[in-house]
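In my numbering, the protein residues as written are 24 to 198. Note that CB positions come from ideal geometry on N, CA and C, so glycine has one too.
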Amino acid sequence: CHQEFLREAPAPLKSLNSYDPTYISFINKSSRNAEAWWLNFAGKPVSYGDIQPRKSLKMNTFLTHPWIFRASDGAKLMANLSEVYFPTPAQFEEYGYPRYQPVYVTVLNINYMHFSSQRLPMPTSGPCITSYNRVMTHGTPLFLLHFILMTGKKNVSPETISATTQEHHSARIQE
24 CHQEFLREAP APLKSLNSYD PTYISFINKS SRNAEAWWLN FAGKPVSYGD IQPRKSLKMN
84 TFLTHPWIFR ASDGAKLMAN LSEVYFPTPA QFEEYGYPRY QPVYVTVLNI NYMHFSSQRL
144 PMPTSGPCIT SYNRVMTHGT PLFLLHFILM TGKKNVSPET ISATTQEHHS ARIQE
């Protein structure tokens with residue numbers, strides 16, 4: 024089980040073809056300018072411009088098109104408490120007009136999550152959890168929350184996370 028978890032590579036984050044339009048209103052609830060980026064079919068970010076604080080940007084998009092948000096200095100912003108926003112199915116008003124669903128853009132802040140390592144253990148027994156790294160908690164991947172709890176580090180490279188997580192898994196398996 025643990026070997027499968029360590030070898031599983033995440034799929035590249037990119038837009039997929041979709042015939043399911045959806046209508047979103049990105050609302051900047053942060054005190055910073057928020058730049059909206061669509062991840063295109065090759066996974067390359069395409070800017071859709073800045074959203075001023077307390078302003079919104081209406082977007083006609085598709086169900087399988089991911090969006091990310093960055094502040095002017097490059098800092099990550101959250102969309103509905105997630106680093107990557109995937110649109111939800113379209114909703115329509117009484118006469119068939121699309122309803123622009125609100126998506127709130129906020130500052131990345133993990134301080135609102137009050138987990139301890141005892142309450143958020145890595146799986147060591149029971150059913151095999153091969154998609155552990157895809158489980159989300161308040162919009163943050165569970166493996167990343169566990170890494171932060173394990174090390175106290177927030178701004179690190181993916182290589183550091185991978186190496187530290189592998190060391191931790193090896194130690195847990197030997198216990």
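For residue i, which three-state DSSP category applies?
{"i": "F64", "result": "coil"}
{"i": "D73", "result": "strand"}
{"i": "S38", "result": "coil"}
{"i": "L80", "result": "strand"}
{"i": "S48", "result": "strand"}
Tell me residue i's beta-bridge partners as DSSP assigns them.
{"i": "R93", "result": "E58, K99"}
Excluding the 5 residues flanking residue i on each side, which residues of the same chain have their C-beta closer than 7 Å to its C-beta?
{"i": "L36", "result": "L62, G66, P89, V107"}
{"i": "A94", "result": "R55, N56, A57, L100"}
{"i": "F109", "result": "P89"}
{"i": "Q114", "result": "R122, Q124"}
{"i": "K81", "result": "S48, Y123"}
Between residue i and the rest of its own chain, which residues show a CB-CB distance below 8 Å, the 5 nearest in sequence each way excluded?
{"i": "P112", "result": "D43, T45, L86"}
Check each candidate in the options and name the one with the smallest Cα separation from residue i.
{"i": "N83", "options": "Y118, G119, F64, F49", "result": "F49"}
{"i": "V126", "options": "F115, L39, Y120, M101", "result": "M101"}
{"i": "L104", "options": "S79, K81, N51, K78", "result": "N51"}
Note down, in chain order, each residue of its chain lying with its Cβ closer than 6 Å to the Cβ of residue i, except the 5 sequence neighbours on either side.
{"i": "V69", "result": "W61, N63"}
{"i": "E116", "result": "R122"}
Let me see if you follow: with CB-CB separation under 7 Å, is residue i close to chain B or not?
{"i": "G72", "result": "Within the model displayed, chain B is absent; a lone protein chain is all it includes."}
Can you list the beta strand (DSSP E) stretches of 3 or more residues lying completely in the region 95-137, in chain order?
If one requires a minimum length of 3 residues, the beta strand (DSSP E) runs lying completely within the region 95-137 are 99-102, 124-130, in chain order.
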